[in-house]
Amino acid sequence: MATAGTATRNVVIQRLTDSRLFDQVSDVILRCFCEPGGEPVNDILGITSSDFQHMIGASVSPMYQEGACFVAMDIGTGRVAGAVVGGDMVPLPGRSSEDPSVFDLGKLRDPMDLIEAVEGIYLPKRGLAPGNPTRRRGVVFHHWMFVVHPDYRGQRLLERLLVAQLGWAKTAGYLYSVAECTSRYSWASMQRLGAVEQARINYATWRNRDGVLSLAGIPPPHTACVCAEVDLVGWKAPVER
Ligand SMILES: CC(C)(COP(=O)(O)OP(=O)(O)OC[C@H]1O[C@@H](n2cnc3c(N)ncnc32)[C@H](O)[C@@H]1OP(=O)(O)O)[C@@H](O)C(=O)NCCC(=O)NCCS
Numbered sequence: 007m008a009t010a011g012t013a014t015r016n017v018v019i020q021r022l023t024d025s026r027l028f029d030q031v032s033d034v035i036l037r038c039f040c041e042p043g044g045e046p047v048n049d050i051l052g053i054t055s056s057d058f059q060h061m062i063g064a065s066v067s068p069m070y071q072e073g074a075c076f077v078a079m080d081i082g083t084g085r086v087a088g089a090v091v092g093g094d095m096v097p098l099p100g101r102s103s104e105d106p107s108v109f110d111l112g113k114l115r116d117p118m119d120l121i122e123a124v125e126g127i128y129l130p131k132r133g134l135a136p137g138n139p140t141r142r143r144g145v146v147f148h149h150w151m152f153v154v155h156p157d158y159r160g161q162r163l164l165e166r167l168l169v170a171q172l173g174w175a176k177t178a179g180y181l182y183s184v185a186e187c188t189s190r191y192s193w194a195s196m197q198r199l200g201a202v203e204q205a206r207i208n209y210a211t212w213r214n215r216d217g218v219l220s221l222a223g224i225p226p227p228h229t230a231c232v233c234a235e236v237d238l239v240g241w242k243a244p245v246e247r
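All letters in the sequence shown, in the order written, are residues 7 to 247 by the working numbering.
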């Protein structure tokens, strides 16, 4: 494991534009979302990297192309230390779980239903509900996945990545930026950057489409999927200490 001070000093945040890094970023996402003790929802459901792999191809890789993803690079080793993946909240046609033809969800059905349930509360507030004929791109930026490699955790690296991505989204003209935080840690990072809770689904009481409390065993500190929104119009990047 990298020592805290050294790792922090050597890590720079940059926009993910170099396609040679895409595979390395995908590997870190797969690890963080599928390892035991990683992302809480996948963890309790026992989702493995082979279950999750098609999510990378169908949903994550197209976001790399949108140019709104950021990566934390360890310049000492050339390793990817973390990444934030995101894009417009309103997907391009054929790029969404709203379109069942895009991919067979398999074991990812519960996580995607959970996200859709949270978004079902949030999106109408911003006039972006699926099927709304006036919904348009360019209003809400969507932070889709957050990962920090285990060797670099606990140093607020996610926060540094988010500051870069929020700044980019504001400059691009977005009014709001939103994340469905399944981890207490991502929700805490968003809160420190000024996010406000817009919707919440508690793991103890959420039932999947078979009526099963499939997420009730998620251990603390993770208790809920929280839809966290930053109002970008008034948002300013915190001054680096
Ligand atoms: C969520 C995640 C991106 C946070 O990254 P991070 O930059 O390390 O976040 P922070 O530095 O704010 O640390 C968060 C907590 O991690 C814990 N932590 C510290 N060192 C750690 C380590 N070596 N390993 C695991 N967790 C550690 C700390 O308890 C810290 O909590 P605290 O703020 O109460 O001290 C990262 O934990 C991760 O990749 N998790 C797996 C994927 C995931 O859940 N993504 C979010 C889904 S919305």
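Cβ atoms here follow ideal geometry from the backbone N, Cα and C, with glycine treated the same way.
Between the Cα of residue i and those of the options, spot the shortest distance and give me the residue it belongs to.
{"i": "LYS113", "options": "HIS228, PRO244 and VAL47", "result": "VAL47"}
{"i": "TYR70", "options": "ASP94, ARG141 and THR83", "result": "ASP94"}
{"i": "LEU22", "options": "THR188, PRO68 and LEU181", "result": "PRO68"}
{"i": "GLY63", "options": "THR140, LEU36, LEU51 and GLY137", "result": "LEU36"}
Apart from the five residues on each side of it in sequence, which residues of its chain come closer than 8 Å, Cβ to Cβ, to residue i?
{"i": "GLN204", "result": "ILE127, TYR128, LYS131, VAL184, CYS233, ALA234 and GLU235"}
{"i": "LEU219", "result": "ALA210, THR211, TRP212 and ARG213"}
{"i": "ASN208", "result": "THR229 and ALA230"}
{"i": "ARG115", "result": "ASN214 and ARG215"}
Grab the span of the alpha helix (DSSP H) containing residue i for me, first residue to last.
{"i": "CYS38", "result": "28-40"}
{"i": "SER6", "result": "The shown model of the chain, from 7 to 247, leaves out residue 6, and the question about it has no answer."}
{"i": "ASN214", "result": "Note, ASN214: premise wrong, no alpha helix (DSSP H); not H, not E."}
{"i": "VAL124", "result": "115-128"}
{"i": "ASP57", "result": "55-61"}
{"i": "PRO46", "result": "46-51"}
{"i": "GLY173", "result": "163-177"}
{"i": "ALA194", "result": "190-198"}
On the DSSP letters alone, give me the boundaries of the beta strand (DSSP E) that residue i sits inside.
{"i": "GLY92", "result": "85-94"}
Measure how close the beta-carbons of residue i and residue j come, nearest whole angstrom, since I'm counting them as under 8 Å.
{"i": "HIS155", "j": "ALA222", "result": "Not really, about 29 Å apart at Cβ, beyond 8 Å."}
{"i": "VAL245", "j": "LEU167", "result": "About 17 Å; that fails the 8 Å criterion."}
{"i": "PHE152", "j": "LEU164", "result": "6 Å"}
{"i": "ALA170", "j": "PHE76", "result": "5 Å"}
{"i": "TRP150", "j": "GLY92", "result": "5 Å"}
{"i": "LEU248", "j": "LEU238", "result": "With the chain covering 7 to 247 only, the question about residue 248 has no answer from this structure."}
{"i": "TYR182", "j": "GLY144", "result": "Between GLY144 and TYR182 the Cβ distance is about 11 Å, and since that is not below 8 Å, they are no contact."}
Which partner residues of residue i appear in the DSSP bridge assignment?
{"i": "TYR182", "result": "VAL146 and ASP237"}
{"i": "ASP80", "result": "VAL17 and ARG85"}
{"i": "ALA230", "result": "ASN208"}
{"i": "GLU250", "result": "What is shown of the chain runs 7 to 247, which leaves residue 250 out entirely."}
{"i": "VAL245", "result": "According to DSSP, VAL245 bridges with nothing at all."}
{"i": "CYS187", "result": "VAL232"}
{"i": "VAL153", "result": "ALA89"}
Which same chain residues end up closer than 7 Å to residue i when comparing Cβ atoms and leaving out the 5 residues on each side of it in sequence?
{"i": "ASP119", "result": "ASN214 and ARG215"}
{"i": "CYS40", "result": "ASN48, ILE53, THR54, SER55 and PHE58"}
{"i": "GLN30", "result": "VAL86"}
In chain order, what residues of the same chain lie with their CB nearer than 6 Å to the CB of residue i, ignoring the 5 residues before and after it?
{"i": "CYS38", "result": "GLY44 and VAL153"}
{"i": "SER103", "result": "The pLDDT assigned to SER103 is 49, lower than 50, so where the model puts this residue is not dependable; a value taken from the coordinates is nonetheless given after this. Cβ neighbours of SER103 beyond the five flanking positions: MET118."}
{"i": "ARG190", "result": "PRO227 and HIS228"}
{"i": "ALA123", "result": "ILE207"}
{"i": "LYS242", "result": "none"}
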